[in-house]
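K.L.:
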Amino acid sequence: MRASGILLPISSLPGKYGIGSFSKEAYKFVDFLKNSNQKYWQILPIGPTSYGDSPYQSFSTYAGNPYFISLEDLIDQGLLTEEECKKVKFGNRADTVDYEKLYNGRFKLLKKAYKKSNIGEKEEFKKFKDENCYWLNDYSMFMAIKERFEGRSFDNWAEDIKLRWEYSMEYYKKELSEEIEFYEFVQYEFYRQWYKLKKYANDNGIKIIGDIPIYVAYDSADVWSHPELFQMDNVGKPTAVAGCPPDGFSATGQLWGNPLYKWEYHKQTNYDWWIKRIERSVQLYDVVRIDHFRGFDEYYSIPAGDKDATNGHWEKGPGIDLFNAIKYCLGNVNIIAEDLGYITDSVRQLVNDSGFPNMKVLEFAFDSRDSSGPRDYLPYNYDKNCVVYTGTHDNETLKGWLDSIEPEEIEMIQKYIGRKVEDKSELVDEVIRMAQASTANTCIIPMQDYLHLDNKARMNTPSTLGGNWCWRAKSTQITKKLSNTIKELTVIYGRG
């Protein structure tokens with residue numbers, strides 16, 4: 013069935029208090045999607061972010077981002093007042109996130125709400141803790157201890173708690189009991205609000221496409237509590253880390269720094285950790301996009317301590333064995349395989365064997381820097397079982413990309429659409445139309461592209477620090493006129 017949707021991260025929603033959240037603006041955006049005849053809302057990972065603000069480097073694979081908790085909801089519950097929220101400075105611009113101000117202000121408010129909540133006495137809270145103990149206990153303790161150690165990475169904690177010695181675990185459990193309960197309260201509120209929003213979306217015919225990174229961050233509750241899952245030494249340090257090899261976009265490749273999985277151990281445990289992770293993901297989302305899917309076929313291993321990715325090498329991943337185990341335990345799950353970048357025949361075979369739809373990015377079809385060449389990305393080559401994007405969060409905005417590519421590449425686009433288009437804004441619309449008209453069953457367009465925004469609105473530039481993950485839409489940009497334009501395009505190409 014043909015359908016379309018919009019990529020807009022939760023953090024990029026308009027609204028008060030410094031960042032997009034599960035506020036009234038989120039519900040308004042669901043209404044916008046419905047009125048535009050869309051079927052999908054794609055978001056980025058919703059885990060708690062760390063120092064680089066990247067949703068792909070989270071303190072937990074299970075926990076939710078405290079920034080996304082709606083302060084309006086807490087006000088409605090009587091846990092905060094508008095005056096308390098207004099006193100906090102979240103930044104002066106509505107179109108960007110100031111993460112430093114957000115960090116300094118948001119947790120103060122959440123702690124005020126926690127102290128008013130008497131949360132420990134509520135049956136719903138006790139039930140939430142019981143149902144989520146398999147990850148919540150470690151996560152809330154990890155965060156409470158991290159706070160005690162002034163935010164330092166767990167490898168810089170005292171050795172007894174870094175290595176989870178039994179007496180030390182018992183000590184901190186008692187010593188930090190209130191702080192631990194605070195982080196449990198934050199997760200309770202996050203999930204209560206998230207499931208309420210998801211139900212509203214589903215009730216209005218909108219499915220959520222979630223996103224999970226293949227890897228977990230080193231400084232995370234997952235690595236701290238389960239080092240046996242990863243390629244680590246006996247003092248808690250990675251022996252090899254993840255990344256990508258050099259390509260046309262980066263001469264030294266990408267050094268992500270995540271610890272790599274010890275796949276032999278995962279196989280011995282029948283992939284129990286992965287099955288639990290996917291099971292949780294399909295509870296959170298209607299469709300799950302798995303980032304860097306090619307890493308299940310082969311993964312790029314970089315020696316720990318290297319400054320870039322040039323000395324890395326490829327090693328074999330679990331392949332279809334993992335997904336057979338997932339299917340055996342969970343049945344058919346709705347997964348999108350993100351198979352972008354350097355793709356080999358064996359990766360294509362894995363995607364084909366899995367049956368999951370893969371991804372096509374139109375920017376790659378006309379960009380000479382892409383190492384895989386245009387063959388895979390030109391629309392006439394698409395199978396129906398794929399998801400087409402103009403670009404992703406890692407790409408330039410469509411307008412920014414058209415401003416940056418060579419004249420010969422612009423000419424190639426014009427030849428493909430069959431006419432000369434001088435105006436860049438009109439050319440943006442033509443590339444969007446190309447995606448909508450394609451044979452791909454699903455078409456997802458980033459909100460920045462519908463808004464014709466340049467690279468100032470780019471979400472992320474890989475291998476760079478600072479200035480990423482900041483863009484936000486303004487409420488004045490999400491208009492009835494835009495909704496009608498999107499609806500017309502969607503109907504013309506049989507997607508709504």
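Going by our numbering, the letters in the sequence shown line up with residues 13 to 508, in that order. Beta carbons: idealized from backbone N, C-alpha and C, even for Gly.
Taking GLY27 as the reference, which of ALA254, LEU83 and TRP285 has the closest Cα?
P.N.:
LEU83
K.L.:
So, with DSSP's three-state summary, where would you put GLN54?
P.N.:
Correct three-state label for GLN54: strand.
K.L.:
Could you check whether the region 155-162 touches the region 108-116, counting it as contact only if at least three pairs of C-beta atoms, one from each stretch, sit closer than 8 Å?
P.N.:
no
K.L.:
Can you tell me which of the three DSSP states SER16 falls into?
P.N.:
strand
K.L.:
Check the DSSP bridge columns for ILE224 and list the partner residues they point to.
P.N.:
ILE224 pairs with ILE302.
K.L.:
Please report the residue range of the beta strand (DSSP E) in which VAL503 lies.
P.N.:
Not the beta strand (DSSP E): VAL503 falls in the alpha helix (DSSP H), residues 492-504.
K.L.:
Looking only at C-alpha atoms, which of ASN346, SER48 and PHE202 sits nearest to TYR74?
P.N.:
PHE202
K.L.:
Indicate the three-state DSSP secondary structure (helix, strand or coil) for LEU267 in the structure shown.
P.N.:
strand
K.L.:
Find the nearest neighbour of TYR126 within the set TYR195, LYS141 and GLU94, judged by alpha-carbon distance.
P.N.:
TYR195
K.L.:
What whole-angstrom Cβ distance do GLY17 and GLN54 have, given they're in contact under 8 Å?
P.N.:
With 8 Å as the limit, GLY17 and GLN54 qualify as a contact, their Cβ atoms being about 6 Å apart.
K.L.:
Tell me whether MET181 sits in a helix, a strand or coil according to DSSP, three-state version.
P.N.:
Secondary structure of MET181 (DSSP, three-state): helix.
K.L.:
Would the beta-carbon of SER66 fall within 7 Å of that of ALA233?
P.N.:
no
K.L.:
Going straight from the alpha carbon of SER487 to that of LEU25, what length do you get?
P.N.:
8 Å
K.L.:
Just list the alpha helix (DSSP H) runs in the region 213-259, keeping only unbroken ones of 4 residues or longer that don't cross its boundaries, in chain order.
P.N.:
233-237
K.L.:
Quick one: Cα of GLU408 to Cα of ASN467, how far?
P.N.:
6 Å
K.L.:
Using only alpha-carbon positions, find the residue among VAL100, SER129, LYS128 and ASN104 that is nearest to TYR115.
P.N.:
VAL100
K.L.:
Measure the CB-CB distance between GLY329 and ASP309 and report whether it falls below 7 Å.
P.N.:
yes
K.L.:
From PRO258 to PRO474, what does the alpha carbon distance come to, in whole angstroms?
P.N.:
12 Å
K.L.:
Quick check: the region 363-377 against the region 430-441, are there 3 or more CB pairs under 8 Å?
P.N.:
no
K.L.:
Which residues does DSSP list as the beta-bridge partners of TYR311?
P.N.:
GLU327
K.L.:
Which runs of the alpha helix (DSSP H), 4 residues or longer, sit entirely within the region 449-482?
P.N.:
459-462
K.L.:
Hey, out of GLU190, ARG176 and LEU56, whose CA is closest to SER237's CA?
P.N.:
ARG176
K.L.:
If VAL247 and GLY269 are in contact, beta carbons under 8 Å, what's the gap, nearest whole angstrom?
P.N.:
The Cβ separation is near 18 Å, so there is no contact.
K.L.:
Let me know if ASN144 comes out buried or exposed under the rule of 16 or more other beta-carbons within 10 Å of its beta-carbon.
P.N.:
buried
K.L.:
Identify, in the order they occur along the chain, each residue of the same chain with its Cβ nearer than 7 Å to the Cβ of ASP223, setting aside the five sequence neighbours on each side.
P.N.:
ILE55, LEU56, PRO57, ARG301 and ASP303
K.L.:
What number of angstroms, rounded off, separates the C-alpha of ALA38 from the C-alpha of TRP483?
P.N.:
16 Å
K.L.:
How many Å lie between CYS352 and ILE425 at the Cα?
P.N.:
According to the sequence shown, residue 352 is Leu rather than Cys. Each residue's alpha carbon lies about 21 Å from the other.
K.L.:
Run through the region 125-189 for me and flag every whole alpha helix (DSSP H) of 4 or more residues, listed as ranges in chain order.
P.N.:
135-143, 145-160, 171-174 and 178-187
K.L.:
Can you tell me which of ASN480, ILE498 and LYS492 puts its alpha carbon nearest to the alpha carbon of GLY64?
P.N.:
Of the residues ASN480, ILE498 and LYS492, the one whose Cα lies closest to the Cα of GLY64 is ASN480.
K.L.:
Does ALA11 come out as helix, strand or coil in the three-state DSSP assignment?
P.N.:
Residue 11 falls outside the range modelled here, since the chain spans only 13 to 508, and no answer is possible.
K.L.:
Got a sec, what are the start and stop residues for the beta strand (DSSP E) LYS372 sits in?
P.N.:
370-373
K.L.:
Report back the beta-carbon spacing between GLN448 and TYR505 to the nearest angstrom; my notes put them in contact at under 8 Å.
P.N.:
About 4 Å; that satisfies the 8 Å criterion.
K.L.:
Determine whether the beta carbon atoms of ILE218 and LEU45 lie at a separation below 7 Å.
P.N.:
yes
K.L.:
Could you tell me the distance, in whole angstroms, from the CA atom of GLY331 to the CA atom of GLU276?
P.N.:
12 Å
K.L.:
Between the region 170-185 and the region 307-325, can you find at least three pairs of beta-carbon atoms closer than 8 Å?
P.N.:
Proximity of the region 307-325 to the region 170-185 falls short of the contact definition, fewer than three beta-carbon pairs being nearer than 8 Å.
K.L.:
Decide if LEU477 is buried, meaning its Cβ has at least 16 other Cβ atoms within 10 Å, or exposed.
P.N.:
exposed
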